[in-house]
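Participant: First the structure, then my questions, so here it is.
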Amino acid sequence: MAIPRLRSLPLPLLLVVLLRAFASLPIQAAARGGLDPSPGIAVEKHGAFSRGLLQDMPEITDEMVRGYMSNSELEGAVQDFGRRCANVSRIYSIGKSVNGSPLWAIEISDKPGLKEAEPAFKFIGNVHGDEPVGREVLMQLAYWLCDNYLKDPLATLIVENTHLHILPSMNPDGFALRRRGNANNVDLNRDFPDQFFPLNDDIKHRQPETRAIMNWIKQEHFTASASLHGGALVANYPWDGSRDTRKQYYGCPDDKTFRYMASVYSQSHYNMSLSKEFEGGITNGALWYPIYGGMQDWNYIHGGCFELTLEISDVKWPKASELLVIWKQNKLSMLNLVASLVKTGVHGRIFAADTGRPIPGSLMVKGIDSKINASGTFGNYHRMLAPGQSYEENLG
Numbered sequence: 001m002a003i004p005r006l007r008s009l010p011l012p013l014l015l016v017v018l019l020r021a022f023a024s025l026p027i028q029a030a031a032r033g034g035l036d037p038s039p040g041i042a043v044e045k046h047g048a049f050s051r052g053l054l055q056d057m058p059e060i061t062d063e064m065v066r067g068y069m070s071n072s073e074l075e076g077a078v079q080d081f082g083r084r085c086a087n088v089s090r091i092y093s094i095g096k097s098v099n100g101s102p103l104w105a106i107e108i109s110d111k112p113g114l115k116e117a118e119p120a121f122k123f124i125g126n127v128h129g130d131e132p133v134g135r136e137v138l139m140q141l142a143y144w145l146c147d148n149y150l151k152d153p154l155a156t157l158i159v160e161n162t163h164l165h166i167l168p169s170m171n172p173d174g175f176a177l178r179r180r181g182n183a184n185n186v187d188l189n190r191d192f193p194d195q196f197f198p199l200n201d202d203i204k205h206r207q208p209e210t211r212a213i214m215n216w217i218k219q220e221h222f223t224a225s226a227s228l229h230g231g232a233l234v235a236n237y238p239w240d241g242s243r244d245t246r247k248q249y250y251g252c253p254d255d256k257t258f259r260y261m262a263s264v265y266s267q268s269h270y271n272m273s274l275s276k277e278f279e280g281g282i283t284n285g286a287l288w289y290p291i292y293g294g295m296q297d298w299n300y301i302h303g304g305c306f307e308l309t310l311e312i313s314d315v316k317w318p319k320a321s322e323l324l325v326i327w328k329q330n331k332l333s334m335l336n337l338v339a340s341l342v343k344t345g346v347h348g349r350i351f352a353a354d355t356g357r358p359i360p361g362s363l364m365v366k367g368i369d370s371k372i373n374a375s376g377t378f379g380n381y382h383r384m385l386a387p388g389q390s391y392e393e394n395l396g
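Right, dumping it as C-alpha cells:
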C-alpha cells in the first residue's frame, strides 16, 4: 500500500492540518481515566451473560471435544497452511506455553516477512482454554484469504494493503486441560499489567503466554487487534475496568473510535447487532462487567493498538457441527474489521526535509488525549479514527 507522503517537515516539527477521517493505525495512549458516555449511549446493566463467562464449564465431555482440532492437529494445520499458501504467508512462533507448546502465528500479506509502511492487524483465539471456537474460525479465515486472494476484492485489499497476523491459540495448555486458565490455572485475560492496579507490573512476573503477547506487540507495532471468545454475542471495547472498580460506563480517550470499530463488527455480523441485551450488539467493558489485568486495555495503553474483545458464540464450547455456521456468521465482520485499517483513519509519514529519511515524531489529534509514535523504520504512522468528523492533527 502506498502511504501518502506529507510535505517535507524541518525540525522542530509542527504541522496542524484539518482533515476528514478516512484510513487507520497505532497510538501511544495515556491512561488518564474514564469518559462519561457520549450523548445517546444507553447506560444499562448487564448481568446474565457475565456470570457464566467467568466460570469453567461444568464438564467438557469427549463428545463435545470431538470434531475440534487437537493441539497437534492445529499445529499441523498451521504448517500445512504455510506450505500451501507460501506466496502470501509466513509461519512463526511468538513463544511457548507453560508446558512447552509453541504459540504458532500466521502472517498473511503479499510480502510476508517484509517490514513495510502498512498497518498491521492481529487476531488472537483461544485466550481461555474452554473457549475454543476462535481457533477453528481463525483457521477458516486464513484459508479463505489464501483461496480468494486476487479473486475477491476484499481478500485482495487485505492481503495487499495490510499485514494480518493470526494466533489461533494463545492457551493451548488450557485447551488440552479443558479449562479456562493455563497450565498454572491462571486466567490469561487477567494477567496483564493494569492501569488501575499497577503493582507487580514487571513483565517477569507474568505467565509465559502473557509475556509472549507483550513482546509480540512491542516487536510488530500493531495498529489494531481483536481477541475471539465464546459465551456471549457482543463486541466489547475499552475500558474494561474503572478507577473506583464500580460497574459503570468508563470510556477511554478514543471512545468514539472504539464504538465505531465495535459497530463495524456487530453490524456486519449475521445477528450480533440485533441483541436484546446489548444495544447495537456492542458494550463498554466496564459497564458490562469490570475486569482488571485484561489484554485489551494493555494493548491500547502500552502497544498503541486498538483492540476489541469479541464474543462470537453464545455457547463457550459449541458442537463441532456448528463451527461452519459460526464461521459464516462472523466472516464478513472479521474481514470488514481488518479492512477498516485501510478505509478509515489517518495515515502519513514523517521525514527530514533535507535527506528524505524518516525521523522520530509523533501525532496528536485535538480533543483526544492519546499519542501516536511514528515507526522508526519508515517514519510512517497510522491512526484509527471514527469517520464522518473533522479532526485537527498536530505533528511534532
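At position 286 of the sequence shown the residue is numbered 286 (full-length UniProt numbering), and the sequence of numbers has no breaks.
Don't be surprised by glycine CBs; every beta carbon is placed ideally from N, CA and C.
What are the complete beta strand (DSSP E) segments, minimum 3 residues, inside the stretch 69-105?
Facilitator: 89-96
Participant: Does T283 pass the burial test, meaning 16 or more other C-beta atoms within 10 Å, or should it be called exposed?
Facilitator: buried
Participant: Going by DSSP, what residues sit across from E107 in a beta bridge?
Facilitator: R90 and H165
Participant: Once you ignore the five residues that flank Y260 on each side, which residues in its own chain have a CB closer than 6 Å to its CB?
Facilitator: A386
Participant: Excluding the five sequence neighbours on either side, which residues of its own chain have a C-beta within less than 7 Å of the C-beta of A120, listed in chain order?
Facilitator: Within the same chain, T162, H163, H165, E220, H221, F222 and T223 come within 7 Å of A120 by CB-CB distance, once the 5 residues on both sides are set aside.
Participant: Mind checking R383: buried by the 16 CB within 10 Å criterion, or exposed?
Facilitator: R383 should be labelled buried.
Participant: Would you tell me roughly how many angstroms separate the C-alpha atoms of N236 and A262, rounded to the nearest one?
Facilitator: 7 Å
Participant: Less than 8 Å between the C-beta atoms of A142 and I106, yes or no?
Facilitator: yes
Participant: Looking at L145: is its Cβ nearer than 8 Å to the Cβ of I158?
Facilitator: yes
Participant: Would you be able to state if there are at least three C-beta pairs under 8 Å between the stretch 237-246 and the stretch 288-305?
Facilitator: yes
Participant: Helix, strand or coil for T245, going by three-state DSSP, please let me know.
Facilitator: The answer is coil: DSSP assigns T245 none of H, G, I, E or B.
Participant: Give me whichever residues DSSP pairs with S313 in a beta bridge.
Facilitator: According to the DSSP secondary-structure assignment, S313 is paired through a beta bridge with A232.
Participant: Tell me which residues share the same chain as F378 and place their Cβ nearer than 7 Å to its Cβ, disregarding the 5 neighbours each side in the sequence.
Facilitator: A117, R349 and P358
Participant: In whole angstroms, what is the alpha-carbon distance linking L150 and L335?
Facilitator: 15 Å
Participant: I want to know whether the stretch 71-88 touches the stretch 319-333 - three or more CB-CB distances under 8 Å.
Facilitator: no
Participant: Using a 10 Å radius around the Cβ and a threshold of 16 neighbouring Cβ atoms, would you call T245 buried or exposed?
Facilitator: exposed
Participant: Could you give the distance in angstroms between the alpha-carbon of P26 and the alpha-carbon of D187?
Facilitator: With a pLDDT of 32 at P26, under the threshold of 50, the modelled position of this residue cannot be trusted; read the value that follows with caution. Cα to Cα, P26 sits roughly 27 Å from D187.
Participant: For the beta strand (DSSP E) containing L363, list its first residue and its last residue.
Facilitator: S362 to V365
Participant: Could you have a look at R135 and say whether DSSP puts it in helix, strand or coil?
Facilitator: helix
Participant: Leaving out five residues on either side along the sequence, give the residues of the same chain with a beta carbon under 6 Å from the beta carbon of K122.
Facilitator: H165, F222 and S225
Participant: For a test of the three-state rule: what should DSSP assign to A29, helix, strand or coil?
Facilitator: Low local confidence applies: a pLDDT of 34 at A29 is under 50, so the model's placement there is unreliable, with the coordinate-based value given in what follows. A29: strand per DSSP, three-state reduction.
Participant: To the nearest angstrom, how far is it from the Cα of S375 to the Cα of Y381?
Facilitator: 6 Å
Participant: List, from N- to C-terminal side, the beta strand (DSSP E) runs of 3 residues or more that fit wholly inside the stretch 320-360.
Facilitator: 346-349
Participant: Report whether the distance from the Cβ of L103 to the nearest heavy atom of the ligand SAH is below 7 Å.
Facilitator: This structure lacks the ligand SAH, and indeed carries no ligand of any kind.
Participant: Can you list, in chain order, the residues of its chain with a C-beta nearer than 6 Å to that of G113? Leave out the 5 residues immediately preceding and following it.
Facilitator: R90
Participant: How far does the alpha helix (DSSP H) with F258 in it extend, from its first residue to its last?
Facilitator: D255 to S268
Participant: What separation, rounded to the nearest whole angstrom, lies between the Cα atoms of K366 and Y391?
Facilitator: 7 Å
Participant: Helix or strand or just coil, what does DSSP make of Y237?
Facilitator: strand
Participant: With distances taken between CB atoms, is the gap from N247 to Y292 smaller than 8 Å?
Facilitator: Before going on, a small fix: residue 247 reads as Lys here, not Asn. Against a cut-off of 8 Å, the Cβ pair of Y292 and K247 comes out as no contact.
Participant: What's the call for I94, buried or exposed, on a 16-neighbour Cβ count within 10 Å?
Facilitator: buried
Participant: Quick one: what does DSSP say G379 is sitting in, helix, strand or coil?
Facilitator: coil
Participant: Which of helix, strand or coil does DSSP assign to A2?
Facilitator: Interpretation of A2 is limited by its pLDDT of 39, a score under 50 that renders its predicted location unreliable; the figure taken from the coordinates is listed afterwards. Correct three-state label for A2: coil.
Participant: Where do the N-terminal and C-terminal ends of the beta strand (DSSP E) with T283 fall, by residue?
Facilitator: I282 to N284
Participant: Would you kindly check if the distance between the Cβ of D62 and the Cβ of P253 is under 8 Å?
Facilitator: Not closer than 8 Å, so no.
Participant: Can you check DSSP and say which residues form a bridge with A226?
Facilitator: F123 and L308
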